[in-house]
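Residue numbers (the UniProt record's numbering): 1 to 253.
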């Protein structure tokens, strides 16, 4: 039986796994690509590849060689370079591209958010409190916090950082979401957390920490998302599937 159209899912988020499953049910031949920055991960439906493409030029060559009919960008909302490379490669090869962008978090009544344009600014804005600053920006971007010797840091990461982190009062907590609300409440209580620094990743998997911060009246430094990429954007995997069905003539269910 002939394979369906080849769909490349740029993974790195929960939407990436959902997209692989959804497009497989539509009869597509799905490959999910991971950047390879984290260790053990669950396997997606379909094929998986790990590692970079070599920039926009390398991705263009891959799209042509592998006869990719559609690219679904389900990378993390802060993966700005990968999103830009995908847009450039798809434009160069005239390959359809759909960005799946989960809705951003928005402040709710009772929140005490301080907005930062990037992680460096967020590190500078982190307030000194009676408890540790809970940093959840990913291991690749923790360097600016090393200069904050006036803070006690609790840094939650999926995997330990590759390079030494020079700070006299830093503790690493290696864990992978989703994080349940009750578990986050226990963590905040046990550690006496005094503030939070987070990227505005959106989604439910990591939102519980913001709920607990609201309940406790804690300050949150929120890193704003980079500019939205140009091109077709879907707010969910299901919406992306509907758009793809129109473009590629796929079944809708």
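Don't be surprised by glycine CBs; every beta carbon is placed ideally from N, CA and C. Computed from a predicted structure; not experimentally measured.
Query - Limits of the unbroken beta strand (DSSP E) element including residue 29 - result: Residue numbering aside, residue 29 sits at position 29 when the chain shown is read from its first letter. Per DSSP, residue 29 belongs to the beta strand (DSSP E) from 29-34.
Query raised in the report: By the 10 Å Cβ neighbour count, where 16 or more other Cβ atoms means buried, how is residue 101 classified, buried or exposed?
Result: By one-based count along the chain shown, residue 101 stands at place 101. Label assigned to residue 101: buried.
Report task. Would you check if the distance between the CB atom of residue 125 and the CB atom of residue 221 is smaller than 9 Å? Result -> Taking the chain shown and counting its residues from 1, the one referred to as residue 125 is at position 125. Taking the chain shown and counting its residues from 1, the one referred to as residue 221 is at position 221. Going by C-beta atoms, residue 125 is nearer than 9 Å to residue 221.
Report task. Name the two residues that bound the continuous alpha helix (DSSP H) containing residue 94. Result -> The sequence position of residue 94 within the chain shown is 94, counting from 1. No alpha helix (DSSP H) holds residue 94; DSSP gives it neither H nor E.
**Report entry** Minimum C-alpha distance to residue 113 - residue among 32, 198, 167
**Finding:** Stepping through the chain shown from its first residue, residue 113 is reached at position 113. Nearest C-alpha to residue 113: 198.
Query raised in the report: CA-CA distance, residue 206 and residue 184?
Result: The count along the chain shown starts at 1 and reaches residue 206 at position 206. The count along the chain shown starts at 1 and reaches residue 184 at position 184. A direct Cα-to-Cα measurement between residue 206 and residue 184 gives close to 10 Å.
Query raised in the report: When you compare each of 103, 172, 96, 201 to residue 79 by their alpha carbons, which one comes out closest?
Result: Position 79 of the chain shown, counted from the first residue, corresponds to residue 79. Of the listed residues, the one whose Cα sits closest to residue 79 is 201.
Report task. Measuring alpha carbon to alpha carbon, tell me which of 116, 64, 72, 93 ends up nearest residue 240. Result -> As a working mapping, residue 240 is identified with position 240 in the chain shown. Measuring from the Cα of residue 240, the nearest candidate turns out to be 72.
Query raised in the report: Per DSSP, residue 113 is paired with what?
Result: In the chain shown, counting from the first residue as 1, residue 113 sits at position 113. Residue pairing for residue 113: DSSP places it in a beta bridge opposite 220.
Requested in this report: Note down, one range per segment and in chain order, each alpha helix (DSSP H) of at least 4 residues found wholly within the region 140-212.
Outcome: Uninterrupted alpha helix (DSSP H) stretches at least 4 residues long and entirely within the region 140-212 occur at 181-191, given in chain order.
Query - Distance between residue 203 and residue 103 (C-alpha atoms, nearest Å) - result: In the chain shown, residue 103 corresponds to position 103, counting from 1. In the chain shown, residue 203 corresponds to position 203, counting from 1. Each residue's alpha carbon lies about 7 Å from the other.
Query raised in the report: Could you give the residue range of the alpha helix (DSSP H) that holds residue 242?
Result: The residue labelled residue 242 in the question sits at position 242 within the chain shown. Here the alpha helix (DSSP H) through residue 242 covers 237-248.
Query - Residues of its chain near residue 181, where Cβ-Cβ distance is below 8 Å and the 5 sequence neighbours each way are ignored - result: In the chain shown, residue 181 corresponds to position 181, counting from 1. By the criterion of a C-beta distance shorter than 8 Å, residue 181 is surrounded in its chain by 208, 211, 212, once the five residues flanking it on both sides are discounted.
Report task. Consult DSSP for residue 282 and reduce its assignment to one of helix, strand or coil. Result -> In the structure as shown, the chain starts at 1 and stops at 253, and residue 282 therefore has no counterpart that could be examined.
Query raised in the report: Per DSSP, residue 130 is paired with what?
Result: In the chain shown, residue 130 corresponds to position 130, counting from 1. Paired residues: none, contrary to the question.
Query - DSSP state of residue 81 mapped onto helix, strand, coil - result: In the chain shown, residue 81 corresponds to position 81, counting from 1. Residue state, collapsed to three classes: helix.
Query raised in the report: Which stretch, first to last residue, makes up the beta strand (DSSP E) that contains residue 48?
Result: Here residue 48 corresponds to residue number 48 of the chain shown, with the count starting at 1. 47-50 is the span of the beta strand (DSSP E), which, as asked, contains residue 48.
Report task. Find the nearest neighbour of residue 194 within the set 152, 160, 11, judged by alpha-carbon distance. Result -> On the chain shown, residue 194 is found 194 positions in, with the first residue counted as 1. Looking at the Cα atoms, 152 is the closest of the given residues.
Query raised in the report: Roughly how many whole angstroms lie between the Cα atoms of residue 162 and residue 90?
Result: Position 162 of the chain shown, counted from the start, is the residue given in the question as residue 162. Position 90 of the chain shown, counted from the start, is the residue given in the question as residue 90. So the alpha carbons of these two residues sit roughly 32 Å apart.
Query raised in the report: Should residue 133 be labelled buried (16 or more other beta-carbon atoms within 10 Å of its own) or exposed?
Result: Position 133 of the chain shown, counting from 1, holds the residue named residue 133. Within a 10 Å sphere around the beta-carbon of residue 133 sit 16 or more other beta-carbons, which makes this residue buried.
Query - Whole-Å CB distance - residue 259 paired with residue 14, under 8 Å assumed - result: Nothing about residue 259 can be reported from this structure: the residues present for the chain run from 1 to 253 only.
Query - Straight-line gap, residue 215 to residue 109 (C-alpha atoms, nearest Å) - result: As a position in the chain shown, residue 215 is number 215, starting the count at 1. As a position in the chain shown, residue 109 is number 109, starting the count at 1. For residue 215 and residue 109, the distance between alpha carbons rounds to 11 Å.
Report task. To the nearest angstrom, report how far apart residue 51 and residue 128 are at their CA atoms. Result -> Within the chain shown, residue 51 is the residue found at index 51, counting from 1. Within the chain shown, residue 128 is the residue found at index 128, counting from 1. Taking the straight line joining both Cα atoms gives about 39 Å.
Query - Local conformation of residue 65 per DSSP, three classes - result: Start at 1 with the first residue of the chain shown, and residue 65 comes out as number 65. In the structure shown, residue 65 sits in a helix (DSSP, three-state: H, G or I).
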